[in-house]
Amino acid sequence: MALLTKKDANLILDPLADNNPITIQVLGICSALAITAELKASVVMALSVIFVLGLGNVVISLIRNIIPSKIRIIVQLIVVATLVIIVDQVLKAFAYELSKTLAVFVGLIITNCIIMGRFEAFALGNGPWRSFLDGIGNALGYGVILIIVGFFRELLGSGTLFGIPVLGNPIEKTGLYSTGYENNGFMIIPPAALIVVGIIIWVQRSRNRALIEEN
Amino acid sequence: MAINTDKNVYTVVFAALMVVVVGSVLAFLASALSERIKENERFEKQQNILYAMGVNENEDKGNVNFIPTDRVEDEFSKYITEQLVISGDQITNDDEAYLIDLKKQLALAKNGETPKLPLFIGEKEAKKYYIIPMYGKGLWDAIWGFIALDDQLVVQGVYFDHKGETPGLGANIKQRYFMDDFTGESILDGTRYAGIAVAKGNNDPVNKIKDDNEVDALAGATITGNGVSAMIRESVNLYKNYLETIRAK
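Those protein sequences? They're chains A and B, same order as listed.
Just so we're aligned: the first sequence equals residues -9 to 205 in my numbering.
Just so we're aligned: the second sequence equals residues 3 to 251 in my numbering.
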């Protein structure tokens, strides 16, 4: 990548694997549990967070030298809330259907700890371009986990992907269901997401043992 | 940077300035966009009402397809023949009844005042549809919708929507496989206005039994489902007096 130095590229690549916000930093778990029952919601949430975190990191980075340290958390909250409201209002005026799909995510984005976490840990101490990359990278890392979890939960829980039946019809017993296979209703409820995330963490750490903390 | 950002004065001034800047940006945006947003909301209500009475672009299976926004106003005036406002014993015609905020009216009703309840009468292929708006509570936030009845109070179609139910769980009340189940159910149980319950132990996943006042619940969305049941029951009871007159005709 000619555009990015190796150090910059790592800002994007690290969060995808060895410094993943969900599996390593344990940020953004709440929304990862809440909205991954189907793949579409995971994708929408991932895209929204990419947008908000990328932009928010830049804004925070730009004003990092003038933010009073005593109220910096409040300032960060206001920045992210303002961004989300602006996006929400513009979508409501020009892309109403899309805005309705996103409406339920607005609250989840504002309170997503991954966003505050990156503002606090990175944007306050780095320039706008690097902050932007860090934001995009972390949001991507978050999104990847969301999509993996969403994929397994929707497939095993409802037998569909993006709402399209892929395993046959569970009521008329066609496809895989004719062999006696049943959807696992447990996958639809949030605790199942915790188990899937747990398995991802397990797989990741057994492949890269350097990630295992020593007690 | 020469400024000492730790000083109290600086902190207060910064906070005040930030409030002014953010406030004016948001206020400007809200007033600049409000007209478009209102128009979109109006179209949406018309689409929802028409959807409940079966005027939509749904295909055999699949997703919810509304009448597109550029045609919805014409279709609305074509199919919705009367818009009534029911206030106690008084029934008046009002062409903008669909813009009445049901939430406010229900709050009035709770305080013992007489609410203004909108009701829409549609006509399609020489058949009359009575469409009742509904408003209630889900798990996280408001849910609302419309239910279209024929003159025997059998459901001809419903539309549900929600503000913030969990995606993939409660949010599925606006999916067709859930809404389609209501069609054919009666809101009456004998002469009682029972509504239609979203029932967990229904054991009737494709809803073949149409006289049990029950539809199959959504897995993982018990509270949203209960909210839908309560919303239907409360709404039809609010309109009970008027619905009795339809049935008597």
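Just so it is clear, CB atoms sit at the ideal spot from N, CA and C, and this is done for glycine as well.
Note that the structure is a prediction, hence the values are computed from the model and not measured.
Rounded to whole angstroms, what's the CA-CA distance from I206/A to A99/B? Just pull it up for me.
Limits of chain A in this structure are -9 at one end and 205 at the other, which puts residue 206/A out of reach.
Mapping the DSSP letters down to three states, classify E246/B as helix, strand or coil.
For this step, residue 246/B is matched to residue 244 along the second sequence. Correct three-state label for E246/B: helix.
Proximity winner among V49/A, L3/A, P11/A and L(-6)/A, relative to G117/A (alpha-carbon distances)
Start at 1 with the first residue of the first sequence, and residue 117/A comes out as number 127. Nearest option by C-alpha distance: V49/A.
At 9 Å on the CB atoms, spell out the chain A contacts of F16/B, in chain order.
One-based indexing of the second sequence puts residue 16/B at position 14. Simply I56, I57, P58, I61 and V65.
Determine the extent of the beta strand (DSSP E) in which L119/B is found, giving its start and end residues.
For the purposes of this step, residue 119/B is taken as the residue at position 117 of the second sequence. Taken as a continuous stretch (DSSP letters only), the beta strand (DSSP E) holding L119/B covers L119 to K126.
Along the beta strand (DSSP E) that carries Q154/B, what are the first and last residues, could you check?
Here residue 154/B corresponds to residue number 152 of the second sequence, with the count starting at 1. In this chain, Q154/B is not harboured by any beta strand (DSSP E), its DSSP state being neither H nor E.
M55/B versus Q158/B - alpha carbon distance:
Translated into positions along the second sequence, residue 55/B becomes position 53. Translated into positions along the second sequence, residue 158/B becomes position 156. So the alpha carbons of these two residues sit roughly 6 Å apart.
Three-state class that DSSP yields for M55/B in the structure shown:
Counted from its first residue, the second sequence places residue 55/B at position 53. Coil.
In whole angstroms, what is the alpha-carbon distance linking S89/A and A32/B?
Residue 89/A sits at position 99 when you count from the first residue of the first sequence. Residue 32/B sits at position 30 when you count from the first residue of the second sequence. Taking the straight line from one Cα to the other gives about 15 Å.
Can you name the start and end residues of the alpha helix (DSSP H) that G149/A belongs to?
Within the first sequence, residue 149/A is the residue found at index 159, counting from 1. From DSSP, G149/A is part of no alpha helix (DSSP H); its letter is neither H nor E.
K118/B, buried or exposed, once every other Cβ within 10 Å from all chains shown has been counted against 16:
Start at 1 with the first residue of the second sequence, and residue 118/B comes out as number 116. Burial call: buried.
Between the C-alpha atoms of Q177/B and V66/B, what's the straight-line distance to the nearest angstrom?
Numbered from 1 along the second sequence, position 175 holds the residue referred to as residue 177/B. Numbered from 1 along the second sequence, position 64 holds the residue referred to as residue 66/B. Distance between the alpha carbons of Q177/B and V66/B: 7 Å.
Separation of I149/B from R235/B, as counted between CA atoms:
Taking the first residue of the second sequence as position 1, residue 235/B is located at position 233. Taking the first residue of the second sequence as position 1, residue 149/B is located at position 147. Pairing R235/B with I149/B, the inter-Cα distance amounts to about 11 Å.
Please name the residue or residues paired with V87/B in a DSSP beta bridge.
For the purposes of this step, residue 87/B is identified with residue 85 of the second sequence, where counting begins at 1. T94/B and P120/B, per the DSSP bridge assignment.
So, with DSSP's three-state summary, where would you put D218/B?
If you number the second sequence from 1, residue 218/B lands on position 216. DSSP places D218/B within a strand segment (E or B) once states are collapsed to three.
For G138/B, report the span of its alpha helix (DSSP H) as first-last.
Counting from one through the second sequence, the residue named residue 138/B turns up at place 136. That residue, G138/B, is in no alpha helix (DSSP H); its beta strand (DSSP E) goes K129 to K139.
Chain B contact residues for G97/A, given Cβ-Cβ distances below 8 Å:
For this step, residue 97/A is matched to residue 107 along the first sequence. Here the neighbours are G166.
The alpha helix (DSSP H) with A173/B in it runs from where to where?
The count along the second sequence starts at 1 and reaches residue 173/B at position 171. Per DSSP, A173/B belongs to no alpha helix (DSSP H) and is neither H nor E.
Neighbourhood of I82/B by C-beta, 6 Å cutoff - its chain only, sequence neighbours within 5 removed
Reading the second sequence from its first residue, position 80 is the one you call residue 82/B. Excluding sequence neighbours, I82/B sits near F122 and G124.
If you run the structure through DSSP and keep just helix, strand and coil, what is W192/A?
Counting from 1 along the first sequence, the entry for residue 192/A is found at position 202. In the structure shown, W192/A falls within a helical segment according to DSSP collapsed to helix, strand and coil.
Burial state of E167/B (16 or more Cβ within 10 Å):
On the second sequence, residue 167/B is found 165 positions in, with the first residue counted as 1. E167/B comes out buried.
Taking V96/A as part of the alpha helix (DSSP H), name the residues at either end of that continuous run.
In the first sequence, the residue the question calls residue 96/A occupies position 106. Segment Y86 to I100, the alpha helix (DSSP H) holding V96/A.
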